[in-house]
Amino acid sequence: MGKTITVVGHYGMSLLMDVGHFPAVGETVEGLGLETEPGGKGYNQAIAASRLGADVNFITAVGGDDFGARCESDLISEKVGGRYIIKFPELKTACAFVINNEEGKSEVYVYPGAIRHVTPEHIRKYTSVIRESSLMLLQNEISADALCEVMRIAGEAGIEIIYNPAPARKIPSELFPYITILTPNETEAAILAGMDPERPLDVDKAFDKLHGLGAENIIITMGGQGSVVSHNGRRFHVGALKGKAVNTTGAGDCYNAALSVKYLETHDIIEAAEYAAVASGLQVMMPGVIENMPYKDKADEAYKKIRGTLISKF
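Numbering follows the numbering used here, with no gaps: position 152 of the sequence shown is 369.
Have a look at this one:
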């Protein structure tokens, strides 16, 4: 079996606008800059993993429009070897509108399009691709039924799964034991654990509840505060890479891709979490999303300089 990461998620077009401030209701705000680039959590993760040196499969869906027609060429240009594109000619391809303010914060509006029409039957056509993978990197861009089918096929075949539960939603409890590493942010952890996402997260309580559901290894990401890892009965804090965040869009996708790449290489969750902190830290220090997903040489060089310094007991 080769060392291949398989990502299932959406490909779409992102329109990124910079503004001085987010508008109030009814307010028109003039944009300071506009860029277009392919995106989607799944696509971002696949590209980031490829740039960081992994062999990558990407299972996605597109519509019969100009955006969908670009998908394969974009994947080829990014050296994604396994391109499994489900086509829905009568539908639109996903599209995202990303608004970034001068404080480095973002608002994201997503039209999911074709990806939400992927069914378990579509997924079963790629059973051999899933079973021949070394690692699955998943999020919630496909329907709950399709996601469950991916997890079932991978889990029953003993394929490790890194699951980034974003956008947040609950999943059947019987799927948790299939997950090798669960990577929610604070809001997603609260939702999965049945806690109030509007209140500050009690991290220890969230860990206890998620472990109780069957999740063995958990990383709760906390933006500029780094992440907290619960693994083998021990808990660690992994700090964020120091530097000014210019644009946080795509940071979680870069983090999960880098985590997957390093975990597949070392099977050391703490080391993988620190490497992910470095890679995602590099990504947020520049404007844009895909254009700033770091390549392996840059991420490895930065990681070598700080290796072991971001980790402390929690």
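We treat Cβ as the ideally placed atom computed from N, Cα and C, and that holds for glycine.
Note that the coordinates shown come from a computational prediction; the quantities given were computed from them, not determined experimentally.
> What do you get for residue 472, buried or exposed, if any count of 16 or more other CB atoms within 10 angstroms of its CB means buried?
Replying inline: buried
>> I'd like the span of the beta strand (DSSP E) that includes residue 405, first residue to last.
In response: Per DSSP, residue 405 belongs to no beta strand (DSSP E); it is in the alpha helix (DSSP H), 403-409.
> From residue 519 to residue 270, what does the alpha carbon distance come to, in whole angstroms?
Replying inline: 15 angstroms
> In terms of residue numbering, what span does the alpha helix (DSSP H) encompassing residue 261 cover?
Replying inline: 258-268
> Rounded to the nearest angstrom, how far is the Cβ of residue 442 from that of residue 457, given a contact under 8 angstroms?
Replying inline: 7 angstroms
> Hey, quick one: how far does the beta strand (DSSP E) through residue 284 stretch, first residue to last?
Replying inline: Premise fails: residue 284 lies in the alpha helix (DSSP H), 283-286, not in any beta strand (DSSP E).
> Counting only runs that start and end within the segment 403-479, where is the beta strand (DSSP E) found for 3 or more residues in a row?
Replying inline: 435-438, 444-448 and 451-455
> Out of curiosity, what's the CA-to-CA distance linking residue 421 and residue 342?
Replying inline: 40 angstroms
>> Let me check one thing: in DSSP terms, what residues is residue 254 bridge-paired to?
In response: 231
> Which value, in whole angstroms, describes the spacing of the CA atoms of residue 449 and residue 424?
Replying inline: 12 angstroms
> Does the distance from the CB of residue 506 to the CB of residue 231 come in under 8 angstroms?
Replying inline: yes
>> I'd like to know whether the C-beta atoms of residue 273 and residue 224 end up nearer to each other than 8 angstroms.
In response: yes
> Are the beta-carbon atoms of residue 331 and residue 278 separated by less than 8 angstroms?
Replying inline: yes
>> Counting C-beta neighbours from all protein chains within 10 Å, is the total for residue 249 16 or more, i.e. buried, or is it exposed?
In response: exposed
> Quick one: what does DSSP say residue 292 is sitting in, helix, strand or coil?
Replying inline: helix
>> Three Cβ pairs or more, each shorter than 8 angstroms: is that satisfied between the segment 289-298 and the segment 489-501?
In response: no
> What's the C-alpha gap between residue 369 and residue 336?
Replying inline: 14 angstroms
>> For the beta strand (DSSP E) containing residue 492, name the first residue and the last one.
In response: Here residue 492 belongs to no beta strand (DSSP E); instead the alpha helix (DSSP H) covers 486-501.
> In whole angstroms, what is the alpha-carbon distance linking residue 218 and residue 244?
Replying inline: Caution applies to residue 218, whose pLDDT of 37 falls short of 50 and renders its modelled position unreliable; the value that the coordinates give is listed next. Going from the Cα of residue 218 to the Cα of residue 244 covers about 55 angstroms.
>> Going by the DSSP bridge assignment, what does residue 275 pair with across the sheet?
In response: 224 and 300
>> Which residue marks the beginning of the beta strand (DSSP E) containing residue 380, and which one marks its end?
In response: 377-380
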